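Quick note, the sequences are listed as chains A and B, same order. Per our numbering, residue 1 is the first one in the first sequence, and the count goes up by one each step. Per our numbering, residue 112 is the first one in the second sequence, and the count goes up by one each step. Backbone N, C-alpha and C fix where the C-beta goes; we use that ideal spot for every residue, glycine too. Nothing here was measured: the structure is a model prediction, and the numbers come from that model.
2 protein chains.
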Amino acid sequence: MFERELLKGSLGLMLMALIEQGPMYGYLIAKEIRSLTDDVIDLKEGSLYPALHRLEKEGMIEGFWQRREDGVDRRYYRITAAGQAVLDERRAQWSRFSAAVSKVVSDAPSQ
Amino acid sequence: MFERELLKGSLGLMLMALIEQGPMYGYLIAKEIRSLTDDVIDLKEGSLYPALHRLEKEGMIEGFWQRREDGVDRRYYRITAAGQAVLDERRAQWSRFSAAVSKVVSDAPSQ
DNA sequence: AAGGATACTTTGTTATACAAGGTATAGAAT
DNA sequence: ATTCTATACCTTGTATAACAAAGTATCCTT
Chain A
1 MFERELLKGS
11 LGLMLMALIE
21 QGPMYGYLIA
31 KEIRSLTDDV
41 IDLKEGSLYP
51 ALHRLEKEGM
61 IEGFWQRRED
71 GVDRRYYRIT
81 AAGQAVLDER
91 RAQWSRFSAA
101 VSKVVSDAPS
111 Q
Chain B
112 MFERELLKGS
122 LGLMLMALIE
132 QGPMYGYLIA
142 KEIRSLTDDV
152 IDLKEGSLYP
162 ALHRLEKEGM
172 IEGFWQRRED
182 GVDRRYYRIT
192 AAGQAVLDER
202 RAQWSRFSAA
212 VSKVVSDAPS
222 Q
């Protein structure tokens, strides 16, 4: 699967970009990404939760448990100051990178 | 390094897109990519040659040796029919994928 | 009673970019 | 003469990260 490899390197960026907009929890993030991308990106749990733990361990986001009325616990995440700085950087990097790939790949051989 | 992970999944696509334009050899491909992307993507030999071998083994490209006047051998690659079909597919996939990431990442929270 | 949605977790597998080493030639600079 | 840079290819070992697959638990619908 090519998509699997394409995702590498951009998943953390997407998670941080969503969390930047306000506290979110994993399951909702996955639904948001599916919805925003019309199912082009369908994040699996085995990718999502380890990625969130990774970002938390790196200090990019911080998590906190919140209990719903029915007693179910959700782990919400918000972005940290350090995470915000890295996010800005990575966002710019993604722009450069995707533009670069598109240029190499684009169908304009001669001229 | 984030770039390392970003590259995963799009390197094969870039190589095939360049080879599509006419027979090319590894060293030239690396120079082309650096030049086209203003050094944003600087392909390492340890990535380049294994990737070419992989594509050849998969039947996407085929290589042939060509000797220069000075006796130096170069391995040129051209795209195969199967490779062309996969390239078209991957090119479309890259468009979908990069647009999807950009949408999730883009700085338009509300509205 | 069974199935699906919600919500989080973990273990093991796989793919691949790259660091670092190697071989070899040619021309320019010191 | 020797060193350095560019050209041109190759290989081994390592690290990373997405994912499959399994698990736990609750709630609601059929």
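- Leu11(A) sits away from Ser35(A), with the two beta carbons spaced by 8 Å or more.
- With respect to the 8 Å criterion, Glu32(A) and Leu87(A) are not classified as neighbours on the basis of their beta carbons.
- Sequence-distant partners of Ile61(A) (beyond 5 residues in either direction) whose C-beta falls short of 6 Å from its own C-beta, in its chain, are Ile19, Leu55, Tyr77, Ile79 and Gly83.
- Runs of the alpha helix (DSSP H) spanning 4 or more residues and lying entirely within the stretch 139–192 of chain B occur at 156–168, in chain order.
- Taking a Cβ-Cβ threshold of 8 Å, the residues of chain B close to Arg96(A) are Val151, in chain order.
- Taking 8 Å as the cut-off between beta carbons, none of the residues of the stretch 67–89 of chain A comes near chain B.
- Annotation for Ile152(B): Ile144 place their beta carbon closer than 6 Å to its own, counting only its chain and skipping 5 residues before and after.
- In chain order, Leu43 and Leu48 place their CB closer than 7 Å to the CB of Ala30(A), counting only its own chain and leaving out the 5 sequence neighbours on each side.
- For a cut-off of 8 Å, the C-beta gap from Met127(B) to Val104(A) is around 10 Å, too long to register as a contact.
- In this structure, Lys119(B) and Gly26(A) do not form a Cβ contact; the two beta carbons are roughly 23 Å apart against a cut-off of 8 Å.
- Taking a C-beta cut-off of 7 Å against chain A, the contacting residues of the stretch 143–172 of chain B are Ile144, Leu147, Thr148, Val151 and Ile152, listed in chain order.
- Selection Pro50(A), Asp38(A) and Trp65(A) evaluated against Pro23(A) yields Trp65(A) as nearest (Cα-Cα).
- Proximity of chain B to Ala100(A) at the Cβ level (cut-off 7 Å) is accounted for by Thr148, Val151 and Ile152, in chain order.
- In this structure Val212(B) is buried. Its beta-carbon is surrounded by 16 or more other beta-carbon atoms within 10 angstroms.
- Under DSSP, Met135(B) forms a beta bridge with Tyr188(B).
- Residue burial annotation: Ser206(B) is exposed, with fewer than 16 other C-beta atoms found within 10 angstroms of its C-beta.
- Against chain A, the beta carbon of Leu117(B) has neighbours under 7 Å at Gly9, Ser10 and Phe97, listed in chain order.
- Arg91(A) has its alpha-carbon roughly 10 Å from the corresponding atom of Ala85(A).
- The Cβ of Met135(B) sits no closer than 8 Å to any Cβ of chain A.
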